[in-house]
Structures are given as structure tokens and as C-alpha cells.
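Here my numbering = 1-based position in the sequence shown + 2.
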Amino acid sequence: MTQPSASPLDVVTGAFSYSGAAIARELLQRGRRVRTLTAHPERAPAGSSIDSRPLDFGAQPELEASMAGAHTLYNTYWVRFAHGAVNHELAVANSKVLFTAAARAGVRRIVHISITNPSLTSPDSYFRGKAEVEQALAGCGVEYAIARPAVLFGGDGVLVNNIAWLLRRLPVFAIGGRGDYRLRPIHVDDLATLCADLGAGSKHAVTVDAVGPQSLTFRQLVEEIRDAVGSRSLLLPVPGAVIPVMASALNLVLRDTLLTAAEYASMAAGRADSAGPATGSIVFTGWVHEHGGELGRRYANELDRHFRPG
């Protein structure tokens, strides 16, 4: 769908990836023009009306030029785990470069995707880095809003799909401890709607947890996925310390990073939960049973998506 040139311009980082693609679709449906800053221009859908520019943190003048004339920057940039020279410390530094460029370009508002329960004192560099980025955003001089999702589902999301993939293939699925740590999953389209609403709003320094209407324990989430895909896999409680060891073994087999020790520790500590009001309406259990037939048919490899040329 081609938007008139007079339509307001917004910039989305990663509009050909997961959450960025959902946000871009929502903005286009609202009559906005969308430009993306991306490291993967080859992923543009055929006939896309999205203007693509490089996401090059080493070229700040080019970043500024790419955001000139934009009303809102929707920032989905982050790295899930360290790989090679890329780590959370670099992601924090790159985010600061992006915010500075947005301020110099005259962007009027930034909507930033963070994480539930970020903390500057967190032992997990992911949650600590997210808190550092929020702090940098607050000091960049641009009006902003922050959405803090925990677990995303829907679309071509990785987590739920790969749990389904394992359940389809393994006779036993290990769960750390009792699996009673809770999560508040939100559908990626609900996140996109929330972000577009935040971008259209006028309140400054808004921070909201982006969470769905359901709170589930991890065991309940796995049970729902198992039932939805028709798996007979046995859910086996194991000591939490065993989970990273098992995940490392699967990482070697899959040539991927399925789960890191820090990710498991943060989930078991309840950092994927929220007591906040629901900001999404799609119920996970209903969605997973509706889509169970297609979940887990193919494994979604994070390293292939983000680090390996394809």
C-alpha cells in the first residue's frame, strides 16, 4: 500500500524483523509513511512501500539524515545475547548513538521497546543494559514513551515456536524447578497497537508494561503449548542448575543459542512477570490452541536470523 507523500513520516528500526514489522504494519494502516533503519534490507517484502536506510551506528550524520523530517522514532533495536564482538554493552552504546542522532535530526518523539523489570543493579547484563538505555533516553532531550514487554508471541516469534518444536520431537521436556515462575505474554500485534498509540500520544516520559491479559506459570505455558500441538512429551522437573547445561548441549546440536544461563535465571527470578494492568487483549491460551497446528513445524534459528548471512 503506497501512502501519499504528504502523510506524516515515522521511522522504525528493524521494520523487516519481528516486532518492528508489526509496528510498521500498524503505522501503515493508520496512514503514516514508514521509513526503516535496518541491517537487513534484503528482507523487505516484495512491493513494500517502506523506505529503507542503513542502520549504521558508525555513521551518525547518515543516521541523522535518515531521520530528518520524522515525527516519531520507534526503536526496537537490541541484541538478545552476546555473539562475537556484539554484546549488551555495545547495544547500550549504539542506542545512545541512535538517540543522539534522533535529537539532532529534530525527531519529536521516541517510542522505545524495553523489557519488564529493568534494573541498573541487575546481575543480568540484558536487564541492566535495558535500564541503562532507558536512562540514556530520558536524558536525550526528546519527548519519549517506553513500552516494556516480557514475552512476545504471535507472528514468526521464536520462543513459543521453539518450545513447540521441542515438544513435537522430545519424549521428555525439562522444566527448571517447579516451573512456578510467572510470565505475562503479549501478542506482537497488541504490542504494535500499544506502541502506535504511544507514538500518537502527547504525554512525556510515559512508561508502561506491555503485557497481555493472562499471567501463567512457565509450566502452565508449556502445558498449553503441549496440548495445542498434540504432544505426549513428559514434563520433567529438574534442578534449575541443570537447565543451562542441557540448553548448552542443545545449542551445539542446533547451532544456535536456544537459552542462556542468564535468561533462565532472570525468568526463574520472576523478571518476565508484571503486576500491571493488561495493555493487550489477545489471550495466550486461546491463541495457542487456535494456532497449534502450525507451531513448531520448523525450528526458528536466532543465529541464522541475526548473525549469519542468508
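Virtual Cβ for every residue (Gly too), placed ideally from N, Cα, C.
Item, Value
"Simplified DSSP assignment, three categories, for residue 43", "helix"
"Buried or exposed (CB count within 10 angstroms, at least 16 for buried), residue 132", "buried"
"Segment contact, 8 Å Cβ cut-off, at least three pairs: the region 186-197 with the region 17-29", "yes"
"Through-space distance from residue 203 to residue 100, alpha-carbon basis", "22 Å"
"C-alpha gap between residue 96 and residue 236, whole angstroms", "43 Å"
"As assigned by DSSP and simplified to three states, the class of residue 303", "coil"
"Nearest-angstrom Cα separation, counted from residue 45 out to residue 142", "31 Å"
"Cut-off 6 Å between Cβ atoms - residues of its own chain near residue 146, not counting five sequence neighbours on either side", "112 and 139"
"Own chain partners of residue 300 with C-beta closer than 6 Å, once the 5 adjacent residues on each side are dropped", "none"
"Three-state secondary structure assigned by DSSP to residue 192", "helix"
"Burial state of residue 182, where buried means 16 or more other Cβ atoms lie within 10 Å", "exposed"
"Rounded Cβ spacing between residue 212 and residue 259 (contact assumed at less than 8 Å)", "With a Cβ gap of about 24 Å, residue 212 and residue 259 do not count as contacting."
"Secondary structure of residue 252, DSSP reduced to three states", "helix"
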